[in-house]
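Engineer: If you scroll down you'll find the structure; I have some questions about it.
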Amino acid sequence: MRDFPLFPDQASTFAGQVDALYWVLVSLSLIFGGVLPFIILFLMVRYHRSNKAADRLNQVHSNLALELTWSGIPLLLVMGVFFWGAFLYVHIRTPPKQTLEVYVIGKQWMWHVQHPNGKRENNELHVPINRPVRLIMTSQDVIHSFYIPAFRVKQDVLPGRYTSMWFEATQPGEYHLFCAEYCGTEHSLMVGRVVALSVADYERWLVTPGEVILPDGSSGAAASPPVLVPAGGDPMALVGEQLFTNLGCAGCHRMDGAGIGPSLQGLYGSQERMSDGTVVTADENHLRTSILNPGAQITAGYQNVMPSYANQLSEDQINQLIAYIKSLADGGSTSGSSGSGAGGASGAATGSSTESAGAPPPFDAALAAQGERVFTNLGCVGCHRSDGAGIGPRLEGLYNTEQRLADGSVVTADEAYLIESIRNAPAKVVEGYPPVMPVYGNQLSDDQVRQLVEYIKSVGD
Amino acid sequence: MATTALPQRGYLHDDTPNLGEWIRSWLFTVDHKRIAILYLLAINFFFLLGGLAATFVRIELITPQGDLMSSDVYNRMFTLHGVIMIFFFLIPAIPAVLGNFLMPLMLGARDLAFPRLNLLSWYLYMFGGVFALSAAVLGGVDTGWTFYTPFSSTYSNSNVILTITGAFIMGFSSIATAVNFIATTHKMRAPGLTWFRLPLFVWAMYATSLVIVLATPVVGIALLLVAIERIWGVGIFDPALGGDPVLFQHLFWFYSHPAVYIMILPAFGVISELISTFSRKRIFGYEFIAFSSMAIAILGFLVWGHHMFVSSQSVYSSLVFSFITMLIAIPSAIKVFNWTATLYKGSISYRTPMLYALGFMGLFVIGGLTGIFLGVVAIDIHVTDTYFVVAHFHYVMVGGTIMAYLGGIHFWWPKMTGRMYNEIWGGISALIIFVGFNMTFFPQFVLGYLGMPRRYHVYPEEFQILHVLSSAGATVLAVGFVIPIIYLMLSLKTGRIAGDNPWEATGLEWRTSSPPPTHNFEAIPVVTTEAYAYPPEAAARDAAEWRPGSPL
Amino acid sequence: MATTTPTTPTATPAPAHEHGHEAHGRELLHHFESAQQQKETATLGMWIFLVTEIMLFGGIFMAYIVYRWAFPDVWAEAAHHLNTPLGAVNTVVLLVSSLTVALAVNAAEEGNRRRLLTMLGITLLLGATFLVIKGYEYSEKFAHCAGAANPVAWVTGGARLGESECLVPGRNFIFPEAHGAEGAEAGHGTADSYAQPQAGLGSPYQLFYFLYFVATGLHAVHMVIGLTIVSILTFIAWRGVITPTYYTPIEVGGLYWHLIDIIWVFLFPLFYLVH
Amino acid sequence: MAKTSTSAGHGAHGDGAHSEHAAHAHISRGTYYRVFAALMVLMALTVGAWWIEGIVALPRLLGVAIAMAIAIAKTTLIVLYFMHVKVSERATQLYAAAAFIGFAIMVIITMGDYFARGWPPPPGPLP
């Protein structure tokens, strides 16, 4: 970075567009603000009282045509500028459908950032270039403002609600990150850097372990170690799912829609009719409201019976719950599981439920590929060795075969069995093997289990 | 330079037997002119105080580290600077000093409609000032002059309530002044002084008063709610307690954006007077300037949301606010063009007030044009809350309001005191202020577009050169502000006797003696001509009479 | 109080000056040309001041509108805990007092000193009645919190006296459990969604009571100012300053009183009559 | 500002020649009583409407609209008759109107933002 810059870096797709408008405005200003002083200077000299040659008779004191001209031309110009700026503004405020979603929590006086795979960082934001990134931000205390000059983006971060902004970095490099809204004593230390990386570097960075102090002061390492499963779905959603179970949400919000609360399957991003007849989009703010103040917006057809979780959940936990609900969305339209890994783009197709009926033998190759990665990363391969010498049964050729269990019964190794075994291995242990496999219970998302199952199916023949 | 005593001392005449009586004759006066002098002293005191705070801020910013003072002290400094300069200097400056002195004179009235209310407004101002000062002495306040919630209502550990009380009381002071001006303009005009014969200064003050009356109470109640929230611990703006912090911003800017026009509209009025007088020519497009003041006053109520483009305000609202903000550029432009056209075929003299007026035009054009940058949402997202905004509003507030204030003080100084100031030093200081001002604030536009956020105590090193330049300019600017104080004080003793109308200006205030008698006019004048009724040949005759050695 | 200053008769005579206005009565200030001009100026000045008063309350109404729109159910339920009959009585009291003030101005115009004094006296009584009723309503709310006998305990957040209800916003705020019957009201099935007592901070219920106390409290402050003004008016009317040619103080003071009435006309339905 | 064209060139101070005030209409006592009666009727209406709303399910918005319409009607009566705006000079009438217009501007624009913004936000879960 130069020592004496006069113009900021242009490092996002917005930068060039905003600067173009800026330079046009500067030129227009030069025409008015640069020429007018010279006219004034000229008149000052020309009509100074010492200049006896000047003609001072036949003065004019008003001229309607002139007034209209110098009202009309600026009016046209500013209208032009307004519409240009308005379209650009709407563009800046409209995120594309596929974005990488990063959660940001502001607090006096630091920024806490959590990436879709659970990787956390403080006062830094690593983003990939050439990929739209959407920041979902909230504050723990006062109003802050997330500002990246090189990207020409800024958005206030408010306590009690989410604000979001998006950008797409274009140049790898390090840029300033500022808090632009005055937030108290160390406002000027609430700064950091934004590191724009190539996609490959970003993914490498994502899986680097590192300790981070969480907003509540605890160490982040224990709570959520950086996950070394790039394709393994969304650990944030995973934790959210666990929370969902622990809080007992699943009792009412049953996936089949038969609960006394609405099903959350496919809820995110959809249009929901409320009991008062209004229609709201089930976005982050709606979900947040519904968790913290359920009575405010009640989905039509349901009773207002849900207790408020205000003051019982931390900002982090709310984010996790919302990430989980988002992962249940149909089509995986946004972040969630599609987020992180090398195979991220294709991961969007994995959103469908594991509870769907058993698929015909031809397996889903994409899922299977992801499943293989999960299989490797979770270390399954250590026991379920393909040569059959592991302490767990060999999985090759397992699918849809009859297996004798330790209790003497016989089951078909269909999808249901595989899922059950992954989730709760001790329930049905294959005869001749020790019951040592850990319960993966809710540590794996439905997506991940599904990927594993597809993988097992793929090696079935 | 003659040092003879004034032949008559008008309202300054002192027939009190002893000091106590003399003090009482000032502190209990209901004479609008004496109240204006009281305001002049008080407001300039606050100006110096605010300037002192700014000095510390600028010195701190010479280095990128926080080495002169701690961040806490720095925050209190810029808050003090903001609160003092905005609530206790810029808002009352021209209305309370020049307006108080001139409104009745220009209207041909013996006093304002409610003289005792006028005195009360000065006491309210001082009372509010005492609160603000005691807040500063007792440790200061660190919220910034904007008092954004929930920082001000819950998190700040400084004297927020004292400061808010000060601003609240000060608000009633400006309301009292505004009520007075409106009633006076409506009911106390001299015979024959119709609306379209009013000096443009009166139009501007009327528009200002309208804004004050409609907007000030809203910020009063918003600040009151913040204070109650702090005391009572109940949240109306704190989301942790159920409220909405953005509501505070709406209520706050509903006042504080029009407040910008409270500051700049009177300046427009002063400049109109100066340009016309020193061109010896009727002002160009009188009606357009008059109506543009009213248009600014009314449109000014519809644009407050352009301070909130990144505050999570809805996209639709932002677009509407942006649109109206664009519209408001037009009446401002009309004024500048009309002033320029007034110069044409005039007989221009470079007396000190005119230098300030010309400087005003140059600086206000830059301030106004950068305002358009900020009104365009896409650009505002980048530059809001940066030094770009800081530079913009200093161009408007310092380059606009203070230039006009100083120009007006110089212009009416002979009327207020009966004596002329030193013209040479006047010219020098006007030039110093112009140069120093641009040195201080132009680099801040560059800084702002680079992304330097405002209210930063420490900053990245690459911004240092521009900050040093800015601080250097501030030194020049400070010198420029000190010089007038010295020569204006000296002029009270040694200044040349001015005479009733040293500028050969029109306007009722010049038809009475300098300084004016307590009741302004020996007989109420009857107005039969337009404002600025310079005869068509005045400019030509003026030029013909000019000899080398006459004042420029 | 500010604006009443110029309208009350001058205590200090205008400073001596040269210009001749022999026709000046003692009530005509020196800088006015005629009594008519002075009266119109005072009326206009008072109206401009009333504009600021309306905008002052406007800020509170603004906050009210925002939060009522945001929490309609909360509003409906919270309003049930206000004493509507007393609110209605107070409204009538204020409307009657507006009439008496208007009649007082009329009496002053006609030079009927006796009727003027009577009307001002009734106005004073009605104003005092209003404040007493308001005070009773407040004390009802406070009594539930820490007992009227022990306001200190409320301020310090000490004893709550085992109450299940405290409608004064603050640390002790508790919104009581809703009765099942209220939920049964047609169209308000969602109202008992807040069936759990909402303790302390963070509950939108206290926004309602916060606005209620701020709005009615500010209104009560204006009532006190209004009563002071009317007392002064009664005094000067008793002294005989008011004449058919000089009744500006009554007129201007009356304007202020009517404004207080108007504010209440809005406060009453907005706080007491919510479903 | 529409008042600008009034009172051009007459020989008196300020707005409005003194002679105009010969026509200064005087509101009679009877009018005051009639206005008061109307106020009482409106008062009964607003309480009655509220009482009916407690029994019959009306749209909430309608209830608010009725209450506000009645309050505005009451205010109009008080302003016009008790406060003599009906017989006041133009400037006074303008300022009486300005107050309500100013308030309306504030409400309309601010609520415009809220309607478009996505509100209410939830209460924060913060310590």
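Residue numbers (our numbering), protein chains in the order written: chain V, 997 to 1457; chain E, 2 to 553; chain S, 104 to 378; chain L, 1419 to 1545.
Glycine included, C-beta positions come from ideal geometry on N, C-alpha and C.
1. Listing by chain order, which chain L residues have their CB less than 8 Å from the CB of P372(S)?
2. Keeping to the same chain, check which residues put their C-beta closer than 7 Å to that of A284(S); ignore five residues upstream and five downstream.
3. Is DSSP giving F1000(V) helix, strand or coil here?
4. From L1037(V) to P18(E), what distance separates their C-alpha atoms?
5. Is R1269(V) helix, strand or coil by DSSP?
6. Put E1063(V) into one of helix, strand or coil per three-state DSSP.
7. Quick one, are the C-beta atoms of L177(E) and H134(S) less than 8 Å apart?
8. If you draw a straight line from the alpha carbon of L223(S) to that of I363(S), how long is it in whole angstroms?
9. If you follow the alpha helix (DSSP H) that N101(E) is part of, which residue opens it and which one closes it?
10. Please report the straight-line C-alpha distance between V1407(V) and R1369(V), rounded to a whole angstrom.
11. Evaluate contact between the segment 220 to 236 of chain E and the segment 313 to 333 of chain E, counting only Cβ atoms and requiring at least three cross-stretch pairs below 8 Å.
12. Spatial neighbours of A1345(V) within its chain, please: C-beta separation below 6 Å, excluding the five flanking residues on both sides.
13. List the residues of chain E whose Cβ lies closer than 9 Å to the Cβ of I1527(L), in chain order.
14. Could you give the residue range of the alpha helix (DSSP H) that holds D1531(L)?
15. Spatial neighbours of Q1313(V) within its chain, please: CB distance less than 7 Å, with the 5 preceding and 5 following residues excluded, ordered by chain position.
16. Let's see if you can read the secondary structure: which residues bound the beta strand (DSSP E) around H361(S)?
17. May I have the straight-line CA-CA distance separating T1134(V) from I1484(L), to the nearest angstrom?
18. Can you find at least 3 beta carbon pairs, one from the segment 309 to 324 of chain S and one from the segment 207 to 225 of chain S, that sit closer than 8 Å?
19. Does the beta-carbon of R25(E) have 16 or more other beta-carbons within 10 angstroms, so that it is buried, or is it exposed?
20. Three or more beta-carbon pairs under 8 Å between the segment 520 to 538 of chain E and the segment 123 to 139 of chain E, yes or no?
21. Contact defined as beta carbons within less than 8 Å: I believe L358(S) pairs with Y167(S). What is the distance between those atoms, to the nearest angstrom?
22. With 9 Å as the C-beta to C-beta threshold (strictly closer), list the residues of the segment 174 to 190 of chain S near chain L in chain order.
23. Taking just the CA atoms, how far does Y1451(V) sit from I1415(V)?
24. Measuring straight from C-alpha to C-alpha, what distance separates E1398(V) and M1251(V)?
25. Could you spell out the range, first to last residue, of the alpha helix (DSSP H) harbouring I176(E)?
26. For the segment 131 to 140 of chain E against the segment 158 to 173 of chain E, do three or more pairs of beta-carbon atoms, one drawn from each stretch, fall closer than 8 Å, so that the two count as touching?
27. Measure from the alpha carbon of T203(S) to the alpha carbon of each residue in V1459(L), I1523(L) and I1496(L), then state which is nearest.
28. Flag Q309(S) as yes if its beta-carbon sits less than 8 Å from any beta-carbon of chain E, otherwise no.
29. Between the alpha carbons of S210(E) and G221(E), how many angstroms are there, rounded?
30. Cα-Cα, which of T341(E), Y457(E), I434(E) and I487(E) is closest to A473(E)?
31. Can you tell me the Cβ-Cβ gap for A216(E) and Y256(E), rounded? I've got them flagged as a contact below 8 Å.
32. Give me the DSSP bridge partner(s) of K1424(V).
33. If we count the other Cβ atoms within 10 Å of its Cβ and call it buried at 16 or more, is P354(E) buried or exposed?
34. Nearest by alpha-carbon distance to E1164(V): which of G1236(V), D1383(V) and Q1006(V) is it?
35. Three Cβ pairs or more, each shorter than 8 Å: is that satisfied between the segment 1173 to 1183 of chain V and the segment 325 to 337 of chain E?
36. Considering only C-alpha positions, which residue in the set Y1099(V), L1193(V), N1420(V) and E1120(V) is nearest to R1127(V)?
Structural biologist: According to the structure shown:
1. Mapped onto the third sequence, residue 372(S) falls at position 269. The answer, in chain order, is T1464, W1468, A1485, M1486, I1488 and A1489.
2. Taking the first residue of the third sequence as position 1, residue 284(S) is located at position 181. Caution is warranted here: a pLDDT of 32 is assigned to A284(S), below 50, making its placement in the model unreliable, and the coordinate value is therefore given only provisionally. Contacts found: none.
3. The residue given as residue 1000(V) occupies position 4 in the first sequence. In the structure shown, F1000(V) sits in coil (DSSP, three-state: anything other than H, G, I, E or B).
4. Position 41 of the first sequence, counting from 1, holds the residue named residue 1037(V). Position 17 of the second sequence, counting from 1, holds the residue named residue 18(E). Computed Cα separation, rounded: 54 Å.
5. In the first sequence, counting from the first residue as 1, residue 1269(V) sits at position 273. Assignment of R1269(V) by DSSP, reduced to helix, strand and coil, places it in the strand class.
6. Numbered from 1 along the first sequence, position 67 holds the residue referred to as residue 1063(V). If DSSP states are grouped into helix, strand and coil, E1063(V) belongs with the helices.
7. Position 176 of the second sequence, counted from the start, is the residue given in the question as residue 177(E). Position 31 of the third sequence, counted from the start, is the residue given in the question as residue 134(S). According to the sequence shown, residue 177(E) is Ala rather than Leu. No, Cβ-Cβ distance for A177(E) and H134(S) is not below 8 Å.
8. Residue 223(S) sits at position 120 when you count from the first residue of the third sequence. Residue 363(S) sits at position 260 when you count from the first residue of the third sequence. Spanning the two alpha carbons is a distance of roughly 16 Å.
9. Counted from its first residue, the second sequence places residue 101(E) at position 100. Element bounds for N101(E): N101 to L108.
10. Position 411 of the first sequence, counted from the first residue, corresponds to residue 1407(V). Position 373 of the first sequence, counted from the first residue, corresponds to residue 1369(V). In a straight line, the C-alpha of V1407(V) is about 27 Å away from that of R1369(V).
11. Taking 8 Å as the limit for Cβ pairs, the verdict is that the segment 313 to 333 of chain E does not touch the segment 220 to 236 of chain E.
12. In the first sequence, residue 1345(V) corresponds to position 349, counting from 1. Its pLDDT being 33, under 50, A1345(V) is placed unreliably in this model, and the coordinates cannot settle the point.
13. As a first step, residue 1527(L) must be located in the fourth sequence, where it is residue number 109. Those within 9 Å of I1527(L) in chain E are H251, F255, F302, L303, W305, G306, S318, V321 and F322.
14. Indexing the fourth sequence from 1 puts residue 1531(L) at position 113. Start and end: R1508 to R1535.
15. The residue you call residue 1313(V) lines up with position 317 of the first sequence. L1239, listed in sequence order.
16. What you label residue 361(S) is simply residue 258 of the third sequence in a count that begins at 1. Counting along the chain, H361(S) falls outside any beta strand (DSSP E), though it belongs to the alpha helix (DSSP H) covering T351 to L370.
17. Within the first sequence, numbered from 1, the residue matching residue 1134(V) stands at position 138. Within the fourth sequence, numbered from 1, the residue matching residue 1484(L) stands at position 66. Rounded to whole angstroms, the gap between the alpha carbons of T1134(V) and I1484(L) is 40 Å.
18. Look at the beta carbons and you see the segment 309 to 324 of chain S not touching the segment 207 to 225 of chain S: under three pairs across the two are nearer than 8 Å.
19. For the purposes of this step, residue 25(E) is taken as the residue at position 24 of the second sequence. Looking at its Cβ environment, which holds fewer than 16 other Cβ atoms inside 10 Å, R25(E) is exposed.
20. Output reads no: the segment 123 to 139 of chain E does not touch the segment 520 to 538 of chain E.
21. For the purposes of this step, residue 358(S) is identified with residue 255 of the third sequence, where counting begins at 1. For the purposes of this step, residue 167(S) is identified with residue 64 of the third sequence, where counting begins at 1. Not confirmed; about 25 Å, so no contact.
22. Taking 9 Å as the upper bound on Cβ-Cβ separation, chain L lies near residues F174, P175, A179 and T187 of the segment 174 to 190 of chain S.
23. Stepping through the first sequence from its first residue, residue 1415(V) is reached at position 419. Stepping through the first sequence from its first residue, residue 1451(V) is reached at position 455. Those two C-alpha atoms are separated by around 12 Å.
24. Reading the first sequence from its first residue, position 402 is the one you call residue 1398(V). Reading the first sequence from its first residue, position 255 is the one you call residue 1251(V). Rounded to whole angstroms, E1398(V) and M1251(V) show a C-alpha spacing of 31 Å.
25. Taking the second sequence and counting its residues from 1, one reaches residue 176(E) at position 175. V161 to K188 is the extent of the alpha helix (DSSP H) around I176(E).
26. The segment 131 to 140 of chain E is in contact with the segment 158 to 173 of chain E.
27. Here residue 203(S) corresponds to residue number 100 of the third sequence, with the count starting at 1. It is I1496(L).
28. Position 206 of the third sequence holds residue 309(S). Q309(S) belongs to the set of residues whose beta carbon lies under 8 Å from a beta carbon in chain E.
29. Here the question's residue 210(E) lines up with position 209 in the second sequence. Here the question's residue 221(E) lines up with position 220 in the second sequence. Taking the straight line joining both Cα atoms gives about 16 Å.
30. As a position in the second sequence, residue 473(E) is number 472, starting the count at 1. Residue I434(E) is the option with its Cα nearest to A473(E).
31. As a position in the second sequence, residue 216(E) is number 215, starting the count at 1. As a position in the second sequence, residue 256(E) is number 255, starting the count at 1. Y256(E) and A216(E) do touch by the CB rule: their CB atoms are close to 4 Å apart, below 8 Å.
32. Translated into the one-based positions of the first sequence, residue 1424(V) becomes position 428. DSSP, once it has assigned bridges, lists no residue as partnering K1424(V).
33. Position 353 of the second sequence, counted from the first residue, corresponds to residue 354(E). P354(E) is buried by the Cβ-count criterion.
34. Mapped onto the first sequence, residue 1164(V) falls at position 168. Nearest C-alpha to E1164(V): Q1006(V).
35. They do not touch, by the three-pair rule.
36. Residue 1127(V) sits at position 131 when you count from the first residue of the first sequence. Checked all of Y1099(V), L1193(V), N1420(V) and E1120(V); the closest Cα to R1127(V) is L1193(V).
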